[in-house]
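Enquirer:
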Amino acid sequence: MLRAPCCPLRTSVAPAAALAAALLSSLARCSFLEPRDPVDSSLSPYFGTKTRYEDVNPGLLSGPEAPWRDPELLEGTCTPVQLVALIRHGTRYPTAKQIRKLRQLHGLLQARGSRDGGAGNTRSRDLGAALADWPLWYADWMDGQLVEKGRQDMRQLALRLASLFPALFSRENYGRLRLITSSKHRCVDSGAAFLQGLWQHYHPGLPPPNVADMECGPPRVNDKLMRFFDHCEKFLTEVEKNATALYHVEAFKTGPEMQNILKKVAATLQVPVNDLNAGNISLFTCSFDLAIKGVKSPWYDAKVSIILQGYGYTINSRSSCTLFQDIFQHLDKAVEQKQRSQPISSPVILQFGHAETLLPLLSLMGYFKDKEPLTAYNYKEQMHRKFRSGHIVPYASNLIFVLYHCENAKTPKEQFRVQMLLNEKVLPLAYSQETVSFYEDLKNHYKDILQSCQTSEECELAKANSTSDEL
42 MLRAPCCPLR
52 TSVAPAAALA
62 AALLSSLARC
72 SFLEPRDPVD
82 SSLSPYFGTK
92 TRYEDVNPGL
102 LSGPEAPWRD
112 PELLEGTCTP
122 VQLVALIRHG
132 TRYPTAKQIR
142 KLRQLHGLLQ
152 ARGSRDGGAG
162 NTRSRDLGAA
172 LADWPLWYAD
182 WMDGQLVEKG
192 RQDMRQLALR
202 LASLFPALFS
212 RENYGRLRLI
222 TSSKHRCVDS
232 GAAFLQGLWQ
242 HYHPGLPPPN
252 VADMECGPPR
262 VNDKLMRFFD
272 HCEKFLTEVE
282 KNATALYHVE
292 AFKTGPEMQN
302 ILKKVAATLQ
312 VPVNDLNAGN
322 ISLFTCSFDL
332 AIKGVKSPWY
342 DAKVSIILQG
352 YGYTINSRSS
362 CTLFQDIFQH
372 LDKAVEQKQR
382 SQPISSPVIL
392 QFGHAETLLP
402 LLSLMGYFKD
412 KEPLTAYNYK
422 EQMHRKFRSG
432 HIVPYASNLI
442 FVLYHCENAK
452 TPKEQFRVQM
462 LLNEKVLPLA
472 YSQETVSFYE
482 DLKNHYKDIL
492 QSCQTSEECE
502 LAKANSTSDE
512 L
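Going by the working numbering, 501 is the number at position 460 of the sequence shown; the sequence numbering is gapless.
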């Protein structure tokens, strides 16, 4: 059973106080849970991209391998003939950098326990002790690798998709599967785990062979598609390595909302406020413990800076157009082969990447756009914004394009239709809110992007003018 917060918030509470109260009540609530208490996902809205997939699709908690068919999916005389899926890797360990920060904060709390000498109120001592005593079990070797829960995410997704689209994932099509992945181990391993899930679907009870020995072969690495952001010099220079590009993020970290939170957390944990900052109180310990082990640690991921994750996607979304082109090239080829009554060479294309692969692509397509840009100063107005990374790209998130061939179509245009699914739910078209589109209409709507996509130009740095001094 879900537990209610210790101190319910009233709607009249100011945003900063509400956020601080949520942080502190969650710290207290996590601290006194027993290890065997049912997993409570009420904190997950604060976990951003570290959110569990089942918290976005709660029905999976009771039946993670059972497919849920969205009633908006086409059926009847329309048959799916191709599926192109962009899949984020499954649940992972923290990176080495995150682990170092976690150790620093843990050390601060342990040092606090040795110097407080019993001072402070009982609740603060109990909470601080619980935090200091909680085992920080992360090791350097973990460094962002896929965990067993992440492999399970992928195996179960494979089982659900194979059940939802049985003709596309038929045993006969297994050798024609095409898998592409980022070079990161967590993505390569996600692709391998997905194939193991398909093996389980085809051969229940039989242990899967090595992925290299499977008929379709292992995933093929293509970082220019799956990590396009690493190959865009303009993004790397003007955003990633530019201290001023994230002005609003830094302004929010030093703004009044965050300063109020720091003071309240310092008072509750009985640590000097100067030892805390936005970076070390918005670490991922609680979210990783919940996602990886399904346990409640006394840590809580405030993650307030997650509300500013949309910055930098203006350049990055444009650099994702090559990936967008690639998806439509697959669809074009399938349409052409079907029109010629030829077998479709790749009925299923699976691409394994990152949150940074999916979010820019969705932004490019016009999704999750807020009327007002998010800044460090309109926090209150943006509390109900559309862009919420945890709702869009949790672990194992997926964007799926399904191409249908419809019999008894009155015109050639009506023969081919497309639906998109985000996290296994039909995604209405950004420009019409319809749940299905004629393929020709979809291409026409995005023709400017598809025809003008020149990644080399989008990502090229402007050359400085060199003029000689004639005086």
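Where is the CB? At the ideal position from N, CA and C, for every residue including glycine.
Nothing here was measured: the structure is a model prediction, and the numbers come from that model.
#1: Roughly how many whole angstroms lie between the Cα atoms of residue 408 and residue 173?
#2: Compute the distance between the beta-carbons of residue 372 and residue 442, then report whether it is under 8 Å.
#3: Can you name the start and end residues of the beta strand (DSSP E) that residue 439 belongs to?
#4: Using the beta-carbon count (16 or more within 10 Å), is residue 513 buried or exposed?
#5: Can you check whether the CB of residue 245 is closer than 8 Å to the CB of residue 237?
#6: Rounded to whole angstroms, what's the CA-CA distance from residue 308 to residue 152? Just pull it up for me.
#7: Is there contact between the stretch 186-203 and the stretch 363-372, where contact requires at least three CB pairs shorter than 8 Å?
#8: Which value, in whole angstroms, describes the spacing of the CA atoms of residue 102 and residue 453?
#9: Give the DSSP bridge partners of residue 262, in chain order.
#10: For residue 121, report the span of its beta strand (DSSP E) as first-last.
#11: Can you tell me whether DSSP reads residue 391 as helix, strand or coil?
#12: Can at least three beta-carbon pairs, one atom from the stretch 125-143 and one from the stretch 289-306, be found at a separation below 8 Å?
#13: Looking at residue 125: is its Cβ nearer than 8 Å to the Cβ of residue 390?
#14: Do three or more CB pairs link the stretch 105-115 to the stretch 420-439 at distances below 8 Å?
#15: Can you tell which of 416, 199 and 180 has the C-alpha that lies nearest to the C-alpha of residue 286?
#16: If we count Cβ pairs, one from each stretch, closer than 8 Å, do we get three or more for the stretch 451-467 versus the stretch 476-489?
#17: Closest by CA to residue 466, which one among 99, 395 and 141?
#18: Beta carbon of residue 332, beta carbon of residue 141: below 8 Å?
#19: Near residue 387, which residues of its chain fall below 7 Å by C-beta distance, leaving aside the five closest residues on each side in sequence?
#20: Taking residue 230 as the reference, give the member of 241, 129, 486 and 242 with the closest Cα.
#21: Would you identify the three-state DSSP class for residue 88, choosing helix, strand or coil?
#22: Quick check: is any heavy atom of the ligand HEM less than 7 Å from the C-beta of residue 318?
#23: On the CB-based measure, 16 or more other CB atoms within 10 Å of its CB, does residue 267 come out buried or exposed?
Expert: Considering the structure as presented:
#1: 42 Å
#2: yes
#3: 439-447
#4: Residue 513 is absent from the model: the chain starts at 42 and stops at 512.
#5: no
#6: 16 Å
#7: no
#8: 43 Å
#9: 222
#10: 119-129
#11: strand
#12: no
#13: yes
#14: no
#15: 416
#16: yes
#17: 99
#18: no
#19: 217, 219 and 371
#20: 129
#21: coil
#22: Absence of the ligand HEM from the depicted structure is noted, as is the absence of any ligand whatsoever, leaving it without description.
#23: buried
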